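Undergrad: Input: one structure, supplied below.
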Amino acid sequence: MADRVYLDWNATAPLRPQAREAMVAAFAEVGNPSSVHAEGRAARRLIDDARRRVAALVGAQPGDVVFSSGGTEANALALAPGTRADGPRVLLVSAIEHPSVLAGGRFKPDAIIAIPVGADGRADLDALVRQLAALMREGRGRALVSLMQANNETGVVQPIVEAAAIVHQAGGLLHVDAVQAAGKIPCDIKALGADLLTLSAHKIGGPKGVGALVRRADTAMPDPLIKGGGQERGARAGTENVAGIAGFGAAAAAAGHDLDAEHRRLAALRDRLEAGLKAAVAGTMVFGAGAERLPNTTLFAVAGGKAETAVIGLDLDGFAVSSGAACSSGKVAASHVLAAMGVPPALARGAVRVSLGYATQEADIDRFLSAWIRLAQSLLKERPGIAA
Ligand code: PLP
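Just so we're aligned, residue 0 is where the sequence shown starts under numbering that gives the first Met the number 0, counting upward by one.
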């Protein structure tokens, strides 16, 4: 894959060298971490180290981290109606959540309520206040609210601290899907005011297929989704993915290092990209540009453009980008995120996401911009309406 430029970091980040090393070392351990002998204890130590490093990334205690098979499973574990009388009865989710949250976990469809977002891509907190008040009036019981810290398609950062105050004031619980935010912006569970928080290793340069649900010290872990052995203090049964977890720990340590400097570096690259895109094609629209965004994400469209055509053309030219969320690629469906923001379907169909990461350099942006100009010019020749 020499000479290719990878600009799809929100879909997945390339494995960090530190994570690879930790995984290779972990593969040499033969023990089951639940075994009491030396081999088992050595494997257990790898998990304990990783647990400390993942906890440190989000300002939690190691004992409050439950490893899972990824962000999807952690979200599914988090979204559980309470079994005790004071447990959550209703789930509120913003309309732009990842499909693994929109699916609602173990809540029945009639107990799930969507919170709208504004045109800027931020959850509508007035609507949240109104919904929580209505639920209280109707005596429908405690609410669990699930909001992402940053959106995977637009990169728009959500007003989590304000939402947490609103949710707690109404006696509810807040789950934050921090899969896209962790390692890109500060993500401290206490500072955010989250009760539960989801992480995924592969978005921060760890391996695919590993994630975690983290709780704030005084929050009860939801009932296990996977029952069996007593692993993860009974919160998630099954022999742990030792190498994957070790890779997650190493990636968490690396991602948390120099967050501010990396934020500035990526934001400068992103700004260079967006200035170039706008200069290349008149009328280029960058979604969510009016709100605070992750430093690495640009979702843009040109009126009349088709995302699939652009993504395929760029791929043939050596560039990996995405038409919206990776999970929905393959289906030609308009983005639910852009629909929720009120973007007209014709414009949304042209949305291309470029996302950057630790290995992205200025030369990659400049090469991408040249390729984009070439592509836009050839499409313009075919369909003069495109540049509107
Ligand atoms: N939440 C968000 C915001 C995501 O972007 C993703 C992955 O695309 C997930 C959850 C799911 O994580 P995983 O791929 O580890 O299942």
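Just so it is clear, CB atoms sit at the ideal spot from N, CA and C, and this is done for glycine as well. Predicted model, so just to flag it, every value in this text is computed and none were measured.
Can you give me the Cβ contacts of GLU38 inside the same chain, cut-off strictly under 6 Å, excluding the 5 residues immediately before and after it?
TA: Along the sequence shown, read from residue 1 onward, the residue named residue 38 stands at position 39. By the criterion of a C-beta distance shorter than 6 Å, GLU38 is surrounded in its chain by VAL29, GLY30, once the five residues flanking it on both sides are discounted.
Undergrad: Can you look up ILE58 in the DSSP assignment and give me helix, strand or coil?
TA: Position 59 of the sequence shown, counting from 1, holds the residue named residue 58. One detail in the question is off: residue 58 reads as Gly in this sequence, not Ile. Per DSSP, reduced to three states, the secondary structure at GLY58 is coil, with no helix or strand assignment.
Undergrad: Give the DSSP bridge partners of SER354, in chain order.
TA: Taking the first residue of the sequence shown as position 1, residue 354 is located at position 355. Beta-bridge pairing links SER354 to ASP7, THR296.
Undergrad: When you compare the CB positions of ALA21 and ALA200, do they come within less than 8 Å of one another, or not?
TA: Counting from 1 along the sequence shown, the entry for residue 21 is found at position 22. Counting from 1 along the sequence shown, the entry for residue 200 is found at position 201. No, they are not a contact pair.
Undergrad: Mind checking whether THR197 and VAL178 have CB atoms under 8 Å apart?
TA: To locate residue 197, count along the sequence shown from 1; it is residue 198. To locate residue 178, count along the sequence shown from 1; it is residue 179. Between THR197 and VAL178, the C-beta spacing is below 8 Å.
Undergrad: Can you list, in chain order, the residues of its chain with a C-beta nearer than 7 Å to that of SER67? Leave out the 5 residues immediately preceding and following it.
TA: Taking the first residue of the sequence shown as position 1, residue 67 is located at position 68. Excluding residues within five positions, the ones whose Cβ falls inside 7 Å are ALA73, LEU76, GLY210, ALA211, LEU212, ARG235.
Undergrad: So, with DSSP's three-state summary, where would you put VAL160?
TA: Residue 160 sits at position 161 when you count from the first residue of the sequence shown. Note: VAL160 maps to helix in three-state DSSP.
Undergrad: Verify the contact flag: VAL64, CB atom, against every heavy atom of the ligand PLP, threshold strictly below 7 Å.
TA: In the sequence shown, residue 64 corresponds to position 65, counting from 1. No, since every heavy atom of the ligand PLP falls outside the 7 Å radius drawn around the Cβ of VAL64.
Undergrad: Within 7 Å: the Cβ of ASN74 and any heavy atom of the ligand PLP?
TA: Residue mapping note: residue 74 aligns to position 75 of the sequence shown, counting from 1. Yes, since a heavy atom of the ligand PLP falls inside the 7 Å radius drawn around the Cβ of ASN74.
Undergrad: Comparing the CB of THR71 with every heavy atom of the ligand PLP, is any distance shorter than 7 Å?
TA: The residue labelled residue 71 in the question sits at position 72 within the sequence shown. Within the cutoff, so yes.
Undergrad: GLY69: buried (16+ other C-beta within 10 angstroms of its C-beta) or exposed?
TA: What you label residue 69 is simply residue 70 of the sequence shown in a count that begins at 1. Buried.
Undergrad: Indicate the three-state DSSP secondary structure (helix, strand or coil) for ALA267 in the structure shown.
TA: Here residue 267 is taken as the residue at index 268 of the sequence shown, counted from 1. Note: ALA267 maps to helix in three-state DSSP.
Undergrad: Does the ligand PLP have even one heavy atom less than 7 Å from the beta-carbon of GLY210?
TA: As a position in the sequence shown, residue 210 is number 211, starting the count at 1. Within 7 Å of the C-beta of GLY210 there is at least one heavy atom belonging to the ligand PLP.
Undergrad: Could you check whether GLY304 and GLY341 sit closer than 8 Å to each other, using their CB atoms as the reference points?
TA: Counted from its first residue, the sequence shown places residue 341 at position 342. Counted from its first residue, the sequence shown places residue 304 at position 305. For the pair GLY341 and GLY304, the CB atoms are not nearer than the 8 Å cut-off.
Undergrad: Is the beta carbon of GLY12 sitting closer than 8 Å to the one on ILE203?
TA: Taking the first residue of the sequence shown as position 1, residue 12 is located at position 13. Taking the first residue of the sequence shown as position 1, residue 203 is located at position 204. Residue identity check: residue 12 is Ala in the sequence provided, not Gly. Cβ atoms of ALA12 and ILE203: closer than 8 Å.
Undergrad: With DSSP run on the structure shown, which of helix, strand or coil describes ILE197?
TA: Residue mapping note: residue 197 aligns to position 198 of the sequence shown, counting from 1. First, the amino acid is wrong: residue 197 is Thr here, not Ile. It is a strand residue.
Undergrad: Determine whether the beta carbon atoms of VAL320 and VAL301 lie at a separation below 8 Å.
TA: On the sequence shown, position 321 is the one that residue 320 refers to. On the sequence shown, position 302 is the one that residue 301 refers to. Contact: no.
Undergrad: Quick check: is any heavy atom of the ligand PLP less than 7 Å from the C-beta of ASN295?
TA: Position 296 of the sequence shown holds residue 295. It does not: the Cβ of ASN295 is nowhere closer than 7 Å to a heavy atom of the ligand PLP.
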